[in-house]
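Per the numbering used here, the very first residue in the sequence shown carries number -14; after that it's consecutive.
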Amino acid sequence: MKVLVLTGPESSGKSWLSAAIQQRFGGVLVDEYVRHFIDEQGRDTVYADITPIAQGQLDREDAARATKPELLILDTHLLSNLLWSWSLFADCPQWIEQQLLARHYDLHLLLSAQGVEWISDGQRCQPQLAERQAFFDASKQWLDRHAQRYQVLDGDWQHRHEQAMTAVSELLGTSADLMLVQQPVESRSRNT
């Protein structure tokens, strides 16, 4: 099983690329739990929500891992929970980083804040490029500090798509040839 993570700032194309990767290569896709949590709660998050949000994300990841797919695609993982907790509340439960470090991830696709527009969706809160760039920088620093394998995806939507497909093909090696289904890149009307 290869485990692929898409990470980085909001509105950088993680959900869109996760779905495109699954469409092209197959595999199991785990979406971002916090979006469901916020929809259900109908309010902004508070520090007390960090543990149930992170646990919900972890539970989804663990359930998908248990199916042992050839490719597991994570639209996000605990790194986002960790960084958002520090960003919003200047604190984070210790267990989150411990759990993150206890798991193996084959490749992180780290999406740049630059080169694409920010799109409001009712949950996003970093319209300023500087805010998203700081989140990108914090993500990169964490990945570097913990010797995690990653590739930065940058440029416009088309370039990100091409970079992602190449990275996943290389990650999967020869098995990618069996999984490939050519799909054209469609115009994006919104970034999810």
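We put the CB at the ideal spot given by N, CA and C, even for glycine. What you are looking at is a predicted structure, and each value in this text was computed from that prediction instead of being measured.
If you measure between the beta carbons of residue i and residue j, is that distance less than 8 Å?
| i | j | result |
| --- | --- | --- |
| Gln111 | Glu(-5) | yes |
| Ser97 | Ser(-3) | yes |
| Pro114 | Thr(-8) | Going by the sequence as given, residue 114 is Leu instead of Pro. Contact: no. |
| Gln42 | His62 | yes |
| Ser70 | Ile23 | no |
| Ile81 | Leu67 | yes |
Under 6 Å Cβ to Cβ from residue i, same chain only, skipping five residues before and after it: list those, please.
| i | result |
| --- | --- |
| Arg134 | Leu92 |
| Ile58 | Leu(-11), Ser3, Ile6, Gln7, Gly12 and Leu14 |
| Phe74 | Tyr32 |
| Val19 | Ile38 |
Given this structure, state the Cα-to-Cα distance separating residue i from residue j, to the nearest angstrom.
| i | j | result |
| --- | --- | --- |
| Ser65 | Gln40 | 13 Å |
| Val101 | Leu138 | 11 Å |
| Pro78 | Ser105 | 29 Å |
| Arg88 | Ala119 | 25 Å |
| Gln126 | Leu85 | 15 Å |
| Asp47 | Gln99 | 32 Å |
| Trp1 | Gln143 | 12 Å |
| Lys(-1) | Asp60 | 6 Å |
| Asp44 | Asp122 | 27 Å |
| Ile30 | His21 | It is Thr, not Ile, that sits at residue 30 in the sequence shown. Each residue's Cα considered, the two are about 12 Å apart. |
Could you pull out every residue in the same chain whose Cβ sits closer than 7 Å to the Cβ of residue i, ignoring the five residues on either side in sequence?
| i | result |
| --- | --- |
| Thr52 | Val13 |
Taking DSSP as the reference, what is the three-state secondary structure of residue i?
| i | result |
| --- | --- |
| Val31 | coil |
| Gln168 | Residue confidence is low: Gln168 scores 41 on pLDDT, short of 50, so the model does not pin down where it sits. No coordinate-derived value is stated. |
| Val19 | helix |
| His93 | strand |
| Gln113 | coil |
| Gln133 | coil |
In its own chain, which residues sit with a C-beta less than 8 Å from the C-beta of residue i, not counting the 5 before and 5 after it?
| i | result |
| --- | --- |
| Leu157 | Lys(-13), Phe10, Glu55, Leu56 and Met164 |
| Gln136 | Leu92, His93, Leu94, Leu95, Gln148 and Ala152 |
| Asp129 | none |
| Asp76 | Tyr32 and Ser70 |
Going by other Cβ atoms of all chains shown within 10 Å of its Cβ, with 16 needed for buried, is residue i buried or exposed?
| i | result |
| --- | --- |
| His146 | buried |
| Ala132 | exposed |
| Arg117 | buried |
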